[in-house]
Structure formats: structure tokens, C-alpha cells
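Notes for the one structure printed next.
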Amino acid sequence: MFIVWWIIVGLIAGWITGKLMSGGGYGALMDIVIGIIGAIVGGFIMRTLGFAGSGGLLYTILVAILGAVILTLLLRLLTRGRVRQI
Numbered sequence: 001m002f003i004v005w006w007i008i009v010g011l012i013a014g015w016i017t018g019k020l021m022s023g024g025g026y027g028a029l030m031d032i033v034i035g036i037i038g039a040i041v042g043g044f045i046m047r048t049l050g051f052a053g054s055g056g057l058l059y060t061i062l063v064a065i066l067g068a069v070i071l072t073l074l075l076r077l078l079t080r081g082r083v084r085q086i
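In C-alpha cells, the structure reads:
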């Protein structure tokens with residue numbers, strides 16, 4: 001059941017991150033993957049800063065968006081100049 005939850009949160013976080021970040025997106029499937037990995041990254045960052053991991057759906061989505069934005073920024077820094085925009 002947790003996998004379904006991660007996919008739902010990743011879908012929401014990936015979609016919102018795609019809308020927040022300017023420029024070309026990575027596609028629907030990659031946005032979901034970035035959202036899921038972003039949720040993990042965001043959760044790690046929040047735990048490192050001392051925030052509890054319980055806050056409900058809104059907290060989970062906001063943390064996932066934070067992680068997905070950071071992950072997207074890192075991906076764009078790493079792939080700058082290698083991806084051709086059409």
C-alpha cells in the first residue's frame with residue numbers, strides 16, 4: 001500500500017514541480033519518478049533539519065515538492081548543454 005501512496009504523492013509533487021519550474025519538462029513518467037525521488041530527498045532533508053515526519057497529506061506533498069524542486073535543479077545543472085531543446 002505504501003508504494004501506491006508514494007506513486008500518488010510523486011504524481012502530485014512531480015506535476016506541481018513541473019508547473020513551478022520554468023523551461024521544458026521531462027515528460028509525465030519522468031515527472032512522477034522525480035516526484036517520488038524528491039519525496040525521499042525532501043523527507044531526508046526535513047529529518048536532518050529536525051522536523052518530524054508526521055504531518056498528513058499536505059505536509060507530505062509540500063516536502064515532496066521541496067525535494068523534487070531541489071532534484072530538478074540538480075538534474076538541470078548536470079545536464080545543461082547535453083539536452084537539446086526542440
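Position 49 (the sequence shown) corresponds to 49 in the UniProt record's numbering; numbering is contiguous. Backbone N, C-alpha and C fix where the C-beta goes; we use that ideal spot for every residue, glycine too.
| Item | Value |
| --- | --- |
| Three-state secondary structure (DSSP) of M46 | helix |
| Span of the alpha helix (DSSP H) around F51 | Unbroken run through F51: none, as it is neither H nor E. |
| Enclosing alpha helix (DSSP H) for G10 [first to last residue] | 2-20 |
| Closest by C-alpha distance to V41, when choosing among M30, G18, G10 | G10 |
| G38 in three-state terms, based on DSSP | helix |
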